[in-house]
Amino acid sequence: MVKAVNKKTAVTLKAAFAAFGVYFCMYGFRKPFTVASFDELSYFGIDYKVLIAIAQVMGYFISKFLGIKFISELKPEKRIFYLFIFLAVAELALLGFAVIPAPYNILCMFINGIPLGMIWGIVFSYIEGRKTTEIIGLFLCSSFVVSSGFTKSAGKFLMDTFSLSEFWMPFSAGLLFIIPLLILGWMLEKLPQPTEEDILLKNKREPLNKAERKKIIQQFLVPMVCITLLYVSLTVLRDFRDNFNRGIWDNLHIRFSSSVFTLTEIPIAVMVLLILGFMVKIKNNRKAFALYHYLLFGGILTVGFSTFLFESTVISPFLWMVFSGFGMYLCYIPFNGMYFDRMIAAFNIKGNVGFLIYLVDSFGYLGSVLILLYK
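Residues in the sequence shown are numbered consecutively from 236, following the numbering used here.
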């Protein structure tokens with residue numbers, strides 16, 4: 236009995252570490268460019284940084300729509316192959332961004348976004364449908380809270396220390412993450428399949444064909460529309476905060492070092508982990524699914540109230556970035572897997588989390604693209 240418990244704990248820890256690590260490393264190919272300013276560069280009457288941010292988000296946007304089919308149909312034996320191929324393509328696109336002159340290299344950022352948009356679905360497919368999916372999923376989700384700031388800090392460090400140009404910095408930052416990515420990807424691939432107990436608690440997860448996907452949409456059309464509208468708002472807020480983090484700090488007229496991007500995100504990850512971590516204790520899937528809705532409401536209130544306090548000069552810019560980020564991620568993180576993992580188990584749905592994530596995510600990134608184009 237003790238051996239069985241220890242083995243389950245070891246699998247959970249290994250899965251959490253590997254999933255967190257792979258997605259953390261993925262951000263090394265995605266976000267470092269956002270710390271560059273590209274001052275005085277503009278094309279077609281639009282700021283160059285806005286153009287490359289739009290290009291990458293457009294790639295992500297297209298990837299999410301492609302992923303509705305690709306991720307939902309992905310077979311387990313093909314996961315590791317596509318994981319490494321997609322990340323290799325993303326890094327080669329960053330090389331193109333470095334060597335091809337602006338504005339033609341904007342296309343490279345578009346290409347970079349397409350394979351990176353598939354990584355989340357591949358990684359989550361390794362951990363879904365398990366008794367401890369919520370714990371593992373929290374570590375995975377916390378990676379995009381911490382990694383966004385860390386990879387920006389890494390990019391700024393490379394420019395400050397080695398005098399790298401803003402065009403070569405994203406490719407160079409990506410190189411730092413290749414070896415750990417290979418090791419962590421191998422660890423993910425070696426995870427054991429869900430046990431009989433996992434399947435009993437959370438349902439067996441299977442690939443979905445077109446007819447099965449259509450059936451799920453018809454069955455849950457109204458709630459999925461409501462969820463998607465909220466998720467669009469959250470994705471727009473998160474992407475604006477990530478892509479223009481440096482600009483936000485600049486506009487606040489505060490001196491800051493490269494570490495500020497990491498220092499504001501670590502408290503967020505810790506607070507969100509503490510609150511969402513206890514969800515694994517709730518065995519009743521319907522109760523857990525209902526509780527997620529209360530957490531979503533609490534997160535929305537936190538964003539609104541902290542912004543009001545900041546506008547009233549009651550709290551500092553640093554605290555505003557922390558609390559607004561906390562409220563946003565308290566809502567955003569469950570939608571990236573755990574919410575849908577409970578939904579599948581609560582309503583005994585045949586399918587997988589990847590389909591539901593990519594369905595709402597595709598519209599989330601559509602919102603991001605529209606906001607960036609408006610800007």
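Here a beta-carbon is modelled for each residue, glycine too, at the ideal position from N, C-alpha and C.
Just so we're clear, the structure is a prediction, and the values are computed from it rather than from any experiment.
Kindly indicate which three-state DSSP category G364 falls into: helix, strand or coil? Reading the sequence shown from its first residue, position 129 is the one you call residue 364. Of the three classes helix, strand and coil, the one that applies to G364 here is coil, per DSSP.
Which residue's Cα is closest to the Cα of A328: I362, S272 and R265? Reading the sequence shown from its first residue, position 93 is the one you call residue 328. With distances taken between Cα atoms, A328 lies closest to R265.
Would you please state the rounded distance, in angstroms, between the beta carbons of T386 and G263? I believe it to be under 8 angstroms. Translated into the one-based positions of the sequence shown, residue 386 becomes position 151. Translated into the one-based positions of the sequence shown, residue 263 becomes position 28. Correct: roughly 5 angstroms between the Cβ atoms.
Within 8 angstroms, strictly: CB atoms of F392 and A254: Along the sequence shown, read from residue 1 onward, the residue named residue 392 stands at position 157. Along the sequence shown, read from residue 1 onward, the residue named residue 254 stands at position 19. For F392 and A254, no; Cβs fall outside 8 angstroms.
For L416 and C260, which I take to be in contact (beta-carbon distance under 8 angstroms), what is that distance rounded to the nearest angstrom? Residue 416 sits at position 181 when you count from the first residue of the sequence shown. Residue 260 sits at position 25 when you count from the first residue of the sequence shown. The Cβ separation is near 4 angstroms, so the contact holds.
Is Y278 helix, strand or coil when you go by DSSP? Within the sequence shown, numbered from 1, the residue matching residue 278 stands at position 43. Of the three classes helix, strand and coil, the one that applies to Y278 here is strand, per DSSP.
Option nearest K450 by Cα separation, candidates G562, F590, D576 and V257: Here residue 450 refers to the residue found at position 215 when the sequence shown is read from its first residue. Among G562, F590, D576 and V257, the Cα nearest to that of K450 belongs to F590.
Buried or exposed for L318, going by 16 or more other Cβ atoms inside 10 Å? Counting from 1 along the sequence shown, the entry for residue 318 is found at position 83. L318 is buried by the Cβ-count criterion.
From G539 to S559, what distance separates their C-alpha atoms? Translated into the one-based positions of the sequence shown, residue 539 becomes position 304. Translated into the one-based positions of the sequence shown, residue 559 becomes position 324. One C-alpha to the other measures close to 8 angstroms.
According to the neighbour-count rule (16 or more other Cβ atoms, all chains shown, within 10 Å of its Cβ), is N583 buried or exposed? Against the sequence shown, residue 583 aligns to sequence position 348. Its Cβ having fewer than 16 others within 10 Å, N583 is exposed.
Since V644 contacts V595 with CB under 8 angstroms, what's their CB separation in whole angstroms? A query on residue 644 cannot be resolved here, the shown segment of the chain reaching from 236 to 610 and no further.
Using three-state DSSP, classify F572 as helix, strand or coil. Looking up residue 572 in the sequence shown gives position 337. Strictly speaking, residue 572 in this sequence is Gly, with Phe absent from that position. Correct three-state label for G572: coil.
Going by alpha carbons, who is nearest to W355 out of L342, Y339, F305 and P338? In the sequence shown, counting from the first residue as 1, residue 355 sits at position 120. Out of L342, Y339, F305 and P338, F305 has the C-alpha closest to the C-alpha of W355.
Over what stretch of residues does the alpha helix (DSSP H) that includes S307 continue unbroken? Working through the sequence shown from its first residue, we reach residue 307 at position 72. Y283 to E308 is the extent of the alpha helix (DSSP H) around S307.
Considering Cα atoms alone, identify which of G586, F268 and I287 is closest to L443. Position 208 of the sequence shown holds residue 443. Looking at the Cα atoms, G586 is the closest of the given residues.
Quick one, are the C-beta atoms of G390 and P405 less than 8 angstroms apart? Counted from its first residue, the sequence shown places residue 390 at position 155. Counted from its first residue, the sequence shown places residue 405 at position 170. For G390 and P405, yes; Cβs fall inside 8 angstroms.
Do we get a CB-CB distance below 8 angstroms when we pair I297 with the residues of chain D? Within the model displayed, chain D is absent; a lone protein chain is all it includes.
What number of angstroms, rounded off, separates the C-alpha of V237 from the C-alpha of V380? Counting from one through the sequence shown, the residue named residue 237 turns up at place 2. Counting from one through the sequence shown, the residue named residue 380 turns up at place 145. Bear in mind that a pLDDT of 49 at V237, under 50, signals an unreliable position, so the number given afterwards is only what the model happens to contain. Computed Cα separation, rounded: 35 angstroms.
Report the CB separation of I370 from G512 in whole angstroms; it is logged as a contact under 8 angstroms. Numbered from 1 along the sequence shown, position 135 holds the residue referred to as residue 370. Numbered from 1 along the sequence shown, position 277 holds the residue referred to as residue 512. Going by Cβ atoms, the distance from I370 to G512 rounds to 7 angstroms, so yes, they are a contact pair.
Sequence-distant residues of the same chain with beta carbon closer than 6 angstroms to A440, five excluded per side: As a position in the sequence shown, residue 440 is number 205, starting the count at 1. Per the sequence shown, the amino acid found at residue 440 is Arg instead of Ala. Within the same chain, R440 has close Cβ partners E363, G364 and N587.
So T368 and K284 are supposed to be a Cβ contact under 8 angstroms. How far apart are they, rounded? The residue given as residue 368 occupies position 133 in the sequence shown. The residue given as residue 284 occupies position 49 in the sequence shown. About 37 angstroms; that fails the 8 angstroms criterion.
For the alpha helix (DSSP H) that contains E447, what are its first and last residues? What you label residue 447 is simply residue 212 of the sequence shown in a count that begins at 1. E447 -> alpha helix (DSSP H) spans K445 to Q454.
CA-CA distance, K243 and T430? Residue mapping note: residue 243 aligns to position 8 of the sequence shown, counting from 1. Residue mapping note: residue 430 aligns to position 195 of the sequence shown, counting from 1. One C-alpha to the other measures close to 10 angstroms.
Going by the CB atoms, is the gap between Y593 and K299 shorter than 8 angstroms? Locating residue 299 in the sequence shown gives position 64, counting from the first residue. Locating residue 593 in the sequence shown gives position 358, counting from the first residue. Contact flag set, yes.
Taking 8 angstroms as the limit between beta carbons, can you name the residues of its chain near S468, skipping five residues before and five after? The residue given as residue 468 occupies position 233 in the sequence shown. So the qualifying residues of the chain are G602.
Could you say which of M563, V471, F561 and N519 lies nearest to I579 if we only look at CA atoms? Residue numbering aside, residue 579 sits at position 344 when the sequence shown is read from its first letter. Considering only alpha carbons, the answer is N519.
So, I606 versus C566, is the Cβ gap smaller than 8 angstroms? As a first step, residue 606 is located in the sequence shown; it is residue number 371 there, counting from the start. As a first step, residue 566 is located in the sequence shown; it is residue number 331 there, counting from the start. No. Outside cutoff.
Could you give the first and the last residue of the continuous alpha helix (DSSP H) run that contains L536? The residue labelled residue 536 in the question sits at position 301 within the sequence shown. Its alpha helix (DSSP H) spans residues N520 to E546.
What's the C-alpha gap between L472 and A446? As a working mapping, residue 472 is identified with position 237 in the sequence shown. As a working mapping, residue 446 is identified with position 211 in the sequence shown. Cα-Cα distance, rounded: 34 angstroms.
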